[in-house]
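Q: Here my numbering is used: the sequence shown runs in plain steps of one and ends on residue 612.
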Amino acid sequence: MNQFNQLYSRRNTASVKWDLMEKIYSIPDASKIIPMWVADMDFAAPSSVTEAIQKRLEFPLYGYTFENDDCSHAVTTWLKRRHDWMVSNDSVMYHQGVVPAISTIIEALSNEADEILVNSPVYPPFFNIPKKLDRTVLYSPFIENKGVYTFDFYHFEQQLARPEVKIFILCHPHNPAGIVWSAEVLQKIDELCFANNVIIISDEIHSDLVLGDTKHIPLAKISQHPENIITCVAPTKTFNLAGVQAAMMISSDKKKRQLLQNTLAKHGQMGLNTFAIAAVQGAFSEQGEQWLDELIPYLQKNVDYVIDTITTAVPSIHIQKPDATYLVWLDIRDTGYAEKEIMQKLLNAGVALDPGTKYGKAYEGFLRMNIACPHATLVEAVSRFLTAFN
223 MNQFNQLYSR
233 RNTASVKWDL
243 MEKIYSIPDA
253 SKIIPMWVAD
263 MDFAAPSSVT
273 EAIQKRLEFP
283 LYGYTFENDD
293 CSHAVTTWLK
303 RRHDWMVSND
313 SVMYHQGVVP
323 AISTIIEALS
333 NEADEILVNS
343 PVYPPFFNIP
353 KKLDRTVLYS
363 PFIENKGVYT
373 FDFYHFEQQL
383 ARPEVKIFIL
393 CHPHNPAGIV
403 WSAEVLQKID
413 ELCFANNVII
423 ISDEIHSDLV
433 LGDTKHIPLA
443 KISQHPENII
453 TCVAPTKTFN
463 LAGVQAAMMI
473 SSDKKKRQLL
483 QNTLAKHGQM
493 GLNTFAIAAV
503 QGAFSEQGEQ
513 WLDELIPYLQ
523 KNVDYVIDTI
533 TTAVPSIHIQ
543 KPDATYLVWL
553 DIRDTGYAEK
563 EIMQKLLNAG
573 VALDPGTKYG
583 KAYEGFLRMN
593 IACPHATLVE
603 AVSRFLTAFN
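1) Quick check on the burial criterion: 16 or more other C-beta atoms within 10 angstroms. Buried or exposed for N614?
2) Does the distance from the C-beta atom of G319 to that of A456 stay below 9 Å?
3) Would you say S424 and I451 are within 9 Å of each other, going by their C-beta atoms?
4) Could you tell me the alpha carbon to alpha carbon distance between A598 and M258, rounded to whole angstroms?
5) Thinking just about the alpha-carbon of each residue, which of W307, S270, D312 and L279 is nearest to the one in N290?
6) Whose C-beta lies closer than 7 Å to the C-beta of F461 among residues of the same chain, with five residues either side of it excluded?
7) Using the C-alpha atoms, what's the distance from P363 back to F373?
8) Is I328 buried or exposed, if buried means 16 or more other CB atoms sit within 10 Å of its CB?
9) Among the residues of its own chain, which have a CB less than 7 Å from the CB of G543, if the five just before and after it don't count?
10) Which ranges would you report for the alpha helix (DSSP H) in the stretch 325-391 if only whole runs of at least 4 residues count?
11) When you compare the CB positions of A574 and I246, do they come within less than 9 Å of one another, or not?
12) Only counting the same chain, and skipping five residues up and downstream in sequence, which positions put a Cβ closer than 8 Å to that of K567?
13) Kindly indicate which three-state DSSP category S538 falls into: helix, strand or coil?
14) Between Q276, R233 and V344, which has its C-alpha nearest K580's C-alpha?
15) Residues in the same chain with beta-carbon distance under 8 Å from I541, minus the five sequence neighbours each way, listed in chain order, please.
16) Round the Cβ separation of P346 and I324 to the nearest angstrom and send it over; I've been treating them as touching at under 8 Å.
17) Going by the CB atoms, is the gap between D576 and R590 shorter than 9 Å?
18) Tell me the rounded alpha-carbon separation between G578 and R479.
19) Would F390 pass as a contact of I365 if the rule is Cβ separation under 9 Å?
20) Take I404 and list the residues in its own chain whose beta-carbon comes closer than 6 Å to its own, dropping the five residues that flank it on each side.
21) List the residues that DSSP assigns as beta-bridge partners of C393.
22) Below 9 Å between beta carbons: does that hold for F226 and E516?
23) Our contact map puts G493 next to Y316 with C-beta atoms below 8 Å; I'd like the distance itself, whole angstroms only.
24) Let me confirm a value: E244 is counted as buried when at least 16 other C-beta atoms fall within 10 Å, else exposed. Which label applies?
25) Give every residue of the same chain whose Cβ lies closer than 7 Å to the Cβ of C293, excluding the five residues on either side of it in the sequence, and list them in chain order.
26) Can you have a look at D545 and say buried or exposed, based on whether 16 or more other CB atoms are within 10 angstroms of its CB?
27) Contact check, P596 vs D264 under 8 Å by CB: the rounded distance?
28) What are the boundary residues of the beta strand (DSSP E) that H213 is part of?
29) State the Cα-Cα distance for the pair Q228 and L600, rounded to the nearest angstrom.
30) Under three-state DSSP, which class holds F265?
31) What residue from N234, N224, W240 and S231 has the CA that sits closest to N592's CA?
32) Should E386 and D336 be called a contact, given that it needs their Cβ atoms to be closer than 9 Å?
33) Pick out whichever of S248, A252 and N224 has its Cα sitting closest to the Cα of R232.
34) DSSP three-state label for V550, please.
35) Give the single residue among Q467, S474 and L608 whose Cα lies nearest to the Cα of P322.
36) Give me, in chain order, the residues of the same chain whose beta-carbon lies closer than 7 Å to that of V359; leave out the 5 immediate sequence neighbours on both sides.
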């Protein structure tokens with residue numbers, strides 16, 4: 223049996239995805255609802271990760287640890303093998319996740335009342351975190367044509383020219399639209415940000431989950447100004463390790479790394495925990511890579527099933543096939559449903575998705591669906607989805 227067909231019951235395991243739906247959706251009982259919202263997978267982690275954690279667990283001294291050369295070598299070797307990107311061990315810093323890493327970078331490299339530029343639609347922490355840090359969020363919406371998003375470089379450049387803008391946060395690959403940005407687009411972003419003295423945070427957490435023949439290109443790899451970029455990566459999306467809490471901030475600029483280190487120290491941050499270090503090495507291994515190479519076609523099959531089944535049954539729903547991620551961005555504007563109405567109908571039918579307005583106020587009429595689950599679960603969830611629309 224394909225390992226990704228294995229069904230696991232995650233209810234009553236303190237799973238955010240499965241056990242917090244009552245709170246998230248303000249409903250009394252979610253015990254019969256299939257969650258297709260938050261971005262984690264219903265697949266077991268690779269055995270290489272489990273074995274690495276188990277091996278460390280068997281040595282019964284759990285005192286202070288640090289990310290040693292073996293850990294950093296696992297990260298840099300992975301980046302070279304998967305993305306042909308040469309990164310030195312010294313360039314890698316660690317954090318508990320990409321979202322807290324973004325928070326640390328913003329705090330370290332900007333001041334209160336500075337402006338942080340983001341695109342829209344985009345992953346909600348991109349605009350929520352700066353606001354909580356008393357920064358002003360500035361938007362550069364994408365141009366959308368029949369579900370295809372492209373950069374509006376004229377507007378983007380106008381926003382960058384504002385002297386208050388200090389940081390741009392790039393989502394690459396993009397969440398929720400699943401876009402892998404081309405070399406041409408990346409080079410234009412690089413050029414404009416450097417010309418306007420704007421630092422780039424490149425969130426590349428989904429970079430290993432590229433579908434089809436598209437290739438992910440790390441922004442810093444092709445940049446003419448790599449010292450202006452801080453790249454955030456993690457094994458957590460790729461290998462379903464969000465609960466392990468491990469991420470990396472990569473910067474070739476020693477001064478920026480020192481500023482980041484100072485901010486981490488200010489908050490008493492001490493790096494990865496003992497078991498996260500083991501998990502990173504287990505994930506970024508040859509065995510982890512084999513697991514990933516088996517996962518990708520499974521995700522492709524699920525994406526194709528969702529698009530073919532839903533658009534055939536409800537032609538007024540439009541879906542652009544994602545280049546990457548296990549997230550599908552559905553355009554339901556032509557169905558005529560208001561967001562509040564369809565969200566309730568979906569819950570009544572027994573399936574939970576993300577509303578489009580979570581990714582920006584202008585995106586009522588869209589839904590985000592997580593398809594990273596056993597195919598049998600997906601088939602049932604899509605059936606319930608269609609019940610809501612029919």
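Heads up, the beta-carbon is just placed ideally off N, CA and C, and yes, glycines get one too.
The structure displayed is predicted, hence computed values, not measured ones.
A: Working from what's here:
1) The shown model of the chain, from 223 to 612, leaves out residue 614, and the question about it has no answer.
2) Less than 9 Å separates the beta-carbon of G319 from that of A456.
3) Yes, they are a contact pair.
4) Each residue's alpha carbon lies about 14 Å from the other.
5) Taking each of W307, S270, D312 and L279 in turn and checking the Cα distance to N290, the smallest one comes out for D312.
6) These residues qualify, in order along the chain: A267, P268, V271, A505 and G510.
7) About 8 Å.
8) Buried: at least 16 other Cβ atoms inside 10 Å.
9) Here the sequence assigns Lys to residue 543, which means Gly is not the residue at that position. The beta carbon of K543 sits closer than 7 Å to the beta carbons of V525 and I529 from its chain, once the five residues preceding and following it are set aside; these are given in chain order.
10) The stretch 325-391 contains, as complete alpha helix (DSSP H) runs of 4+ residues, the segments 347-354 and 375-382 (chain order).
11) Between A574 and I246, the C-beta gap is smaller than 9 Å, which places the two residues in contact.
12) Excluding sequence positions up to five before and after K567, its CB lies within less than 8 Å of the CB of Y559, A610 and F611, all in the same chain and listed in chain order.
13) The answer is coil: DSSP assigns S538 none of H, G, I, E or B.
14) The shortest C-alpha separation from K580 is found at V344.
15) Closer than 8 Å at the Cβ level, and outside the excluded window around I541, lie G369, V528, I529, I532, T533, V550, W551, L552 and D553.
16) Not quite, the Cβ-Cβ distance comes to about 12 Å (not below 8 Å), so this is no contact.
17) Yes, the Cβ-Cβ distance between R590 and D576 is below 9 Å.
18) Rounded to whole angstroms, G578 and R479 show a C-alpha spacing of 36 Å.
19) In this structure, F390 lies away from I365, with their beta-carbon atoms at least 9 Å apart.
20) Correcting the residue identity first, residue 404 is Ser in this sequence and not Ile. Cβ neighbours of S404 beyond the five flanking positions: none.
21) Beta-bridge partners of C393 (DSSP): D425.
22) Taking 9 Å as the cut-off, the Cβ atoms of F226 and E516 count as close.
23) The pair is a contact, with the Cβ atoms about 5 Å apart (cut-off 8 Å).
24) The residue in question, E244, is exposed, as its Cβ has fewer than 16 Cβ neighbours within 10 Å.
25) Excluding positions up to five away in sequence, the list reads I499, V502 and Q503.
26) Classification for D545: buried.
27) Confirmed, about 6 Å.
28) Given a span of 223 to 612 for the chain in the structure shown, any question on residue 213 remains unanswerable.
29) Roughly 13 Å between the two C-alpha positions.
30) Here F265 sits in coil by DSSP.
31) The alpha carbon of N592 has as its nearest neighbour, out of N234, N224, W240 and S231, the alpha carbon of W240.
32) Yes.
33) That would be A252, whose Cα lies nearest to the Cα of R232.
34) In the structure shown, V550 sits in a strand (DSSP, three-state: E or B).
35) Cα-wise, what sits closest to P322 is Q467.
36) Cβ neighbours of V359 beyond the five flanking positions: I338, V340, F349, P352 and K353.
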